[in-house]
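Student:
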Amino acid sequence: MQENNKQESVSSIDIIREGRINKAQELRDKGINPYPYKFNKTASAKELQEKYKDLKEGEETTDRYSVAGRVIAIRNSGMFIDLMDDSGKIQIFSHKQNIDAEKLKLLKLIDIGDIMGFIGDIRRTPRGELSIKAVDFEVLTKSLKPLPEKFHGLTDVETKYRKRYVDLIINEETRQTFKKRSLIIQKIREFLAQRGYLEVDTPILQTVASGANARPFTTHHNALDMDMTMRIALELYLKRLIVGGVSEKVYEIGKCFRNEGIDTRHNPEFTMIELYQAYADYNDMMELTENMVAYVAKEVLGTTKIKYGENEIDLTPPWDRKTMIGAIEEYTGKDFMSCSNLEEAVKMAETIGVNTAECSSWGQVIDAVFEEKVEPSLIQPVHIIDYPLEISPLAKVHRSNKRLTERFETRVNGWEIANAFSELTDPIDQRQRFEAQALAKANGDEEAMEIDDDFIEALEYGMPPTGGMGMGIDRLVMLLTNSPTIRDVIAFPTMKNKQ
RNA sequence: GCGUCUGUAGCUCAGUAGGUAGAGCACUCCCCUUUUAAGGGAUAGGUCGCGCGUUCGAAUCGCGCCAGACGCACCA
Numbered sequence: 000m001q002e003n004n005k006q007e008s009v010s011s012i013d014i015i016r017e018g019r020i021n022k023a024q025e026l027r028d029k030g031i032n033p034y035p036y037k038f039n040k041t042a043s044a045k046e047l048q049e050k051y052k053d054l055k056e057g058e059e060t061t062d063r064y065s066v067a068g069r070v071i072a073i074r075n076s077g078m079f080i081d082l083m084d085d086s087g088k089i090q091i092f093s094h095k096q097n098i099d100a101e102k103l104k105l106l107k108l109i110d111i112g113d114i115m116g117f118i119g120d121i122r123r124t125p126r127g128e129l130s131i132k133a134v135d136f137e138v139l140t141k142s143l144k145p146l147p148e149k150f151h152g153l154t155d156v157e158t159k160y161r162k163r164y165v166d167l168i169i170n171e172e173t174r175q176t177f178k179k180r181s182l183i184i185q186k187i188r189e190f191l192a193q194r195g196y197l198e199v200d201t202p203i204l205q206t207v208a209s210g211a212n213a214r215p216f217t218t219h220h221n222a223l224d225m226d227m228t229m230r231i232a233l234e235l236y237l238k239r240l241i242v243g244g245v246s247e248k249v250y251e252i253g254k255c256f257r258n259e260g261i262d263t264r265h266n267p268e269f270t271m272i273e274l275y276q277a278y279a280d281y282n283d284m285m286e287l288t289e290n291m292v293a294y295v296a297k298e299v300l301g302t303t304k305i306k307y308g309e310n311e312i313d314l315t316p317p318w319d320r321k322t323m324i325g326a327i328e329e330y331t332g333k334d335f336m337s338c339s340n341l342e343e344a345v346k347m348a349e350t351i352g353v354n355t356a357e358c359s360s361w362g363q364v365i366d367a368v369f370e371e372k373v374e375p376s377l378i379q380p381v382h383i384i385d386y387p388l389e390i391s392p393l394a395k396v397h398r399s400n401k402r403l404t405e406r407f408e409t410r411v412n413g414w415e416i417a418n419a420f421s422e423l424t425d426p427i428d429q430r431q432r433f434e435a436q437a438l439a440k441a442n443g444d445e446e447a448m449e450i451d452d453d454f455i456e457a458l459e460y461g462m463p464p465t466g467g468m469g470m471g472i473d474r475l476v477m478l479l480t481n482s483p484t485i486r487d488v489i490a491f492p493t494m495k496n497k498q
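The first sequence begins at 0 in numbering that gives the first Met the number 0 and counts up one residue at a time.
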């Protein structure tokens, strides 16, 4: 039977934590701050590994460095420590011959996970490991929590996402992914800077969330007592800047927010790039898109031939171009151009088993058929061009077919990675397109676009002919890092609270 | 939102027709001074995701809930 004075259960994590707090106190008792302010690091692990790659086994130098990083392994009672910094690993060799006896005792207070600085001379051990022969060291941060086990590491995906800092400490692959992500974005900026693009910022908090078909997050500004929404696209503000003419080429890289489901390719907040170029059309945008992606791949991976899962994808320009109608005919044998209205299109779609229940226009049927019958097959990069008018409210009518627009979406690996138009610049036409969207919204289409009156007013001042393109950065990073889910390329993906 | 699967020590995983939980790593102590997942020895560590139920007895069976993965739906 249970005693009244039953013990609180103490988990091993509490015991470990308490032990480490005690070690920190022991350091303080010796006059050592376990959380000091600064360390003079003179070399990174990688620099040393490269500089001394030809140092022979067993060879010693008197080249002195200070290194710093996290202790990730301790062997032989502290005589060997693996120290990891952001560049890589280096072994620390602490022998009693080289370190003051009192100092050496402090090594007992070191745990895996602590941040340490070591000063010593470069040598390569007889077993071939480049090492710092330590003469002195300093505790830079005492850690309180144990790291995951060294061999299997951290594999639990939920923990990887919720505690990305642990994932990054443990998994080299995760570190590589986020380094590559940064490099990809840097190379995009470089590519656009070379072409005279101006990087700008536009509002994230907006009173009208438009420019895409999506449900926004809503919030409230207290001082203004005003409901606001988070942006779902960059489009309409960037076009205002084209109207203003601050630059004929502008772009923005930034977060957008869509209040929708989460899956392997969607996170509620995600990073987009949109760019606009005056006096250009969608043909120019196709060229720019493929050159930009190829440039980034070449710079980051050294090649434009990449592997994603089972697929070999060749990003070398020029990329294939297919009209949307033509692609559908290619894969289904049906020519939807021959349908002159919704009813005929629905009938034709039914003959190939496509559900059109949600479709209320010829264009939407085309979209549904395309998505189901064509999209999954488009592994190699291809620009799908000339989208139906009804589903493209921000694109100019096609110069040679009034039912279509000058719009393309670029598909790679079956995903949409870019969406681009010859931008609609006629304010009267734009208003009518928005009104058609408003009607759809009134009829229950929650994702239909909002009318943005100020944007239309901007167009009334006159926007030059403009080509524009938007691309999901996260998906590009997925492709170039061979990541199976978007959560692998977003450092802190959206997760439900644990209760 | 629907379906399938998953949740056991800090981490990686076992687990018995239902009988009250185990390993390796990490932690603590001892031995060991040229290791590479170092080694040897001895400890300690658990509301078995949460709750309710069935039962003499539940990590195990049932129901509900929470979280996650995948698929579908939604969405570019």
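Glycine residues also receive a C-beta, built at the ideal position from the N, C-alpha and C atoms.
1. I need the boundaries of the beta strand (DSSP E) containing Phe117, first residue and last residue.
2. Which whole-angstrom value describes the C-beta separation of Phe92 and Thr124, a residue pair presumed to lie in contact below a C-beta threshold of 8 Å?
3. Who are the Cβ neighbours of Glu311 in its own chain at under 8 Å, not counting the five residues just before and after it?
4. Do Phe201 and Glu128 have their C-beta atoms closer together than 8 Å?
5. On the DSSP letters alone, give me the boundaries of the beta strand (DSSP E) that Val9 sits inside.
6. If contact is defined by three or more beta carbon pairs under 8 Å, each pair taking one atom from either stretch, is the region 251-262 in contact with the region 227-236?
7. In the structure shown, what three-state DSSP assignment does Lys440 receive?
8. Could you tell me which residues DSSP pairs with Gln429 in its beta bridges?
9. Taking contact to mean 3 or more Cβ pairs, one atom from each stretch, closer than 8 Å, check whether the region 482-496 and the region 282-302 are in contact.
10. Check the C-beta distance from Gly471 over to Met271 and give it rounded, since I have them as a contact under 8 Å.
11. Secondary structure at Phe491, three-state DSSP: helix, strand or coil?
12. Along the chain, where does the alpha helix (DSSP H) containing Ala67 start, and where does it finish?
13. Please report how far the alpha carbon of Arg214 lies from the alpha carbon of Thr288, in whole angstroms.
14. From Thr409, Phe454, Ser359 and Thr263, pick the residue whose C-alpha is nearest to that of His382; which is it?
15. So, helix, strand or coil for Met448, using DSSP?
16. Which runs of the alpha helix (DSSP H) at least 4 residues long sit entirely within the region 270-303? Give them in chain order.
17. Less than 6 Å between C-beta atoms, sequence neighbours within five positions excluded: which residues of the same chain meet that for Thr63?
18. Inspect the beta-carbon positions of Arg174 and Leu182 and report whether they are closer than 8 Å.
19. Who does Glu148 pair with in a DSSP beta bridge?
20. Quick one, are the C-beta atoms of Ser43 and Asp84 less than 8 Å apart?
21. Could you tell me if Val245 is buried or exposed, where buried requires 16 or more neighbouring beta carbons within 10 angstroms of its beta carbon?
22. With which residues is Asp81 paired in a DSSP beta bridge?
23. Quick one: what's got a C-beta closer than 6 Å to Arg430's C-beta in the same chain, skipping five residues either side?
24. Less than 8 Å between C-beta atoms, sequence neighbours within five positions excluded: which residues of the same chain meet that for Ala367?
25. Rounding to the nearest angstrom, what Cα-Cα distance links Ile31 and Ile71 in this structure?
26. Under 8 Å between the Cβ atoms of Pro392 and Gln436?
27. Beta strand (DSSP E) containing Asp473: first to last residue?
28. Taking Cβ positions, are Trp318 and Pro267 nearer each other than 8 Å?
29. Could you check whether Gly112 and Glu137 sit closer than 8 Å to each other, using their CB atoms as the reference points?
30. Have a look at Pro35 and Leu479 and give me their C-alpha separation to the nearest angstrom.
31. Spatial neighbours of Ala67 within its chain, please: CB distance less than 8 Å, with the 5 preceding and 5 following residues excluded, ordered by chain position.
32. DSSP state of Asn340, grouped into three classes?
33. For Gln1 and Ser11, what's the separation of their Cα atoms in angstroms?
34. Where does Asp452 land, buried or exposed, given buried means 16+ other C-beta within 10 angstroms?
35. Within the continuous beta strand (DSSP E) that includes Asp166, where are the two ends?
36. Looking at Tyr330: is its Cβ nearer than 8 Å to the Cβ of Val396?
Tutor: The relevant details are as follows:
1. Ile114 to Arg123
2. 7 Å
3. Lys304 and Ile305
4. Per the sequence presented here, residue 201 reads as Thr, with Phe not at that position. Contact flag unset, no.
5. From DSSP, Val9 is part of no beta strand (DSSP E); its letter is neither H nor E.
6. yes
7. helix
8. DSSP lists no partner for Gln429.
9. no
10. 6 Å
11. coil
12. Here Ala67 belongs to no alpha helix (DSSP H); instead the beta strand (DSSP E) covers Glu59 to Arg74.
13. 27 Å
14. Thr409
15. coil
16. 281-300
17. Reading the sequence as shown, one finds Arg at residue 63 and not Thr. Here the set comprises Asp120.
18. no
19. Paired residue(s): none; Glu148 is not in a bridge.
20. yes
21. exposed
22. Ala72 and Gln90
23. Ile455
24. Ala348, Val353, Asn354, Thr355, Glu357 and Cys358
25. 22 Å
26. yes
27. First-last for Asp473: Ile472 to Thr480, but that is the alpha helix (DSSP H), not the beta strand (DSSP E).
28. no
29. no
30. 40 Å
31. Phe38, Lys40, Leu82, Asp84, Ile114, Met115, Gly116, Phe117 and Leu139
32. coil
33. Any answer about Gln1 is weak, because its pLDDT of 32 lies below 50 and its placement is not dependable; what the coordinates show is given next. Cα-Cα distance, rounded: 23 Å.
34. exposed
35. Element bounds for Asp166: not the beta strand (DSSP E) but the alpha helix (DSSP H), Arg163 to Ile169.
36. no
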